[in-house]
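Participant: Residue numbers (the numbering used here): 2 to 218.
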Amino acid sequence: RAHPMTETRVPRQRLSTEQRQDEIVRATMDLVGEQGVEQVTTQAIADHIGLTQGAIFRHFASKEAIWLAVVRWIRERLLSAVDRAAAPARDPMDALQRIFFAHVDFAERHPAASRLLTTTNAAVRRVLREMLDGYEARIAALVEEAQYQGLARADLDPGAAAAAFTATIQGLVVRVLVLDTRPSMSAEARRIWPLLAAGIAAPGVNPSGDVDADAAT
Numbered sequence: 002r003a004h005p006m007t008e009t010r011v012p013r014q015r016l017s018t019e020q021r022q023d024e025i026v027r028a029t030m031d032l033v034g035e036q037g038v039e040q041v042t043t044q045a046i047a048d049h050i051g052l053t054q055g056a057i058f059r060h061f062a063s064k065e066a067i068w069l070a071v072v073r074w075i076r077e078r079l080l081s082a083v084d085r086a087a088a089p090a091r092d093p094m095d096a097l098q099r100i101f102f103a104h105v106d107f108a109e110r111h112p113a114a115s116r117l118l119t120t121t122n123a124a125v126r127r128v129l130r131e132m133l134d135g136y137e138a139r140i141a142a143l144v145e146e147a148q149y150q151g152l153a154r155a156d157l158d159p160g161a162a163a164a165a166f167t168a169t170i171q172g173l174v175v176r177v178l179v180l181d182t183r184p185s186m187s188a189e190a191r192r193i194w195p196l197l198a199a200g201i202a203a204p205g206v207n208p209s210g211d212v213d214a215d216a217a218t
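Right under this line is the structure:
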């Protein structure tokens with residue numbers, strides 16, 4: 002017979018493997034965003050969602066597998082966000098602006114995405130490098146198209162422009178998230194975009210247009 006003070010335990014909802022993996026990935030991102038990469042342990046992840054470490058490893062073979070899943074989650078959603086932002090663009094320069102603000106918005110909403118850049122895990126860094134290479138290839142292709150349309154400087158190296166594009170966003174992340182400076186990242190982006198765009202645009206071309214940063218996301 003149960004003691005009258007015995008607490009009735011409510012069983013956790015049974016989730017599919019895919020659902021549980023997504024829950025673990027999101028919990029990991031929450032912790033990375035709050036604490037940084039190096040402080041996150043599998044025990045902390047388990048505690049965050051009310052599981053045991055053993056339950057975590059029933060869904061992922063290793064901690065490295067969790068990190069790789071996190072990077073893939075970020076890659077899929079970041080690329081989807083910038084693709085949606087660029088879809089209504091009237092020309093390649095407009096697309097670059099929309100992508101810039103969509104990426105900044107993504108970084109602001111998902112601080113873990115930026116903090117992961119500091120990881121020392123070789124496998125995770127390799128996937129991050131592949132993601133960055135693919136992203137910069139998209140930006141370089143837009144710069145090339147802008148050159149073809151006479152909107153971007155003919156003497157510009159598209160690859161260098163793409164590298165400057167991503168480096169500018171990463172610099173914003175460091176200023177606002179890592180150093181905890183103000184104003185917000187989106188406000189800083191509004192100040193910095195005209196400078197970046199002016200370095201890409203052809204003489205006589207308005208580099209900034211009139212796209213609202215919030216509407217581009």
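Note that beta-carbon positions come from the ideal geometry of N, C-alpha and C, so glycine has one too.
On a predicted model such as this, the values are computed, not experimentally measured, just so you know.
Is the separation between the beta-carbon of Leu-129 and that of Val-72 shorter than 7 Å?
Facilitator: Yes; because the gap between Cβ atoms is below 7 Å, this pair is in contact.
Participant: If we count the other Cβ atoms within 10 Å of its Cβ and call it buried at 16 or more, is Pro-204 buried or exposed?
Facilitator: Exposed, because fewer than 16 other Cβ atoms sit within 10 Å of the Cβ of Pro-204.
Participant: Kindly give me the distance between the Cβ atoms of Ile-201 and Val-144, rounded to whole angstroms, as I take these residues to be in contact under 8 Å.
Facilitator: At roughly 6 Å, the Cβ-Cβ gap stays under 8 Å, so Ile-201 and Val-144 are in contact.
Participant: Which same chain residues, not among the five before or five after Thr-53, have their C-beta less than 8 Å away from its C-beta?
Facilitator: Cβ within range, chain order: Ala-47.
Participant: DSSP state of Ala-123, grouped into three classes?
Facilitator: It is helical.
Participant: Kindly examine the ligand NAD and report whether one of its heavy atoms sits closer than 6 Å to the Cβ of Ile-46.
Facilitator: In terms of ligand content, the structure shown is empty, and the ligand NAD therefore cannot be addressed.
Participant: In the structure shown, what three-state DSSP assignment does Ala-153 receive?
Facilitator: Correct three-state label for Ala-153: strand.
Participant: Should Val-175 go down as buried or exposed, given a rule of 16 or more other Cβ atoms within 10 Å for buried?
Facilitator: When all chains shown are included, Val-175 counts as exposed.
Participant: Taking only three categories from DSSP, how would you classify Ala-70?
Facilitator: Note: Ala-70 maps to helix in three-state DSSP.
Participant: Nearest CA to the CA of Ala-141: which residue from Glu-35, Met-94 and Phe-107?
Facilitator: For the residues Glu-35, Met-94 and Phe-107, the minimum Cα distance to Ala-141 belongs to Met-94.
Participant: Using a Cβ-Cβ distance under 7 Å, would Tyr-149 count as near chain C?
Facilitator: You won't find chain C in this structure, because it holds only one protein chain.
Participant: Could you check if Glu-65 is buried or exposed, using at least 16 other CB atoms within 10 Å of its CB as the buried criterion?
Facilitator: The residue is exposed, with fewer than 16 neighbouring Cβ atoms inside 10 Å.
Participant: Helix, strand or coil, according to DSSP, for Leu-133 in the structure here?
Facilitator: If DSSP states are grouped into helix, strand and coil, Leu-133 belongs with the helices.
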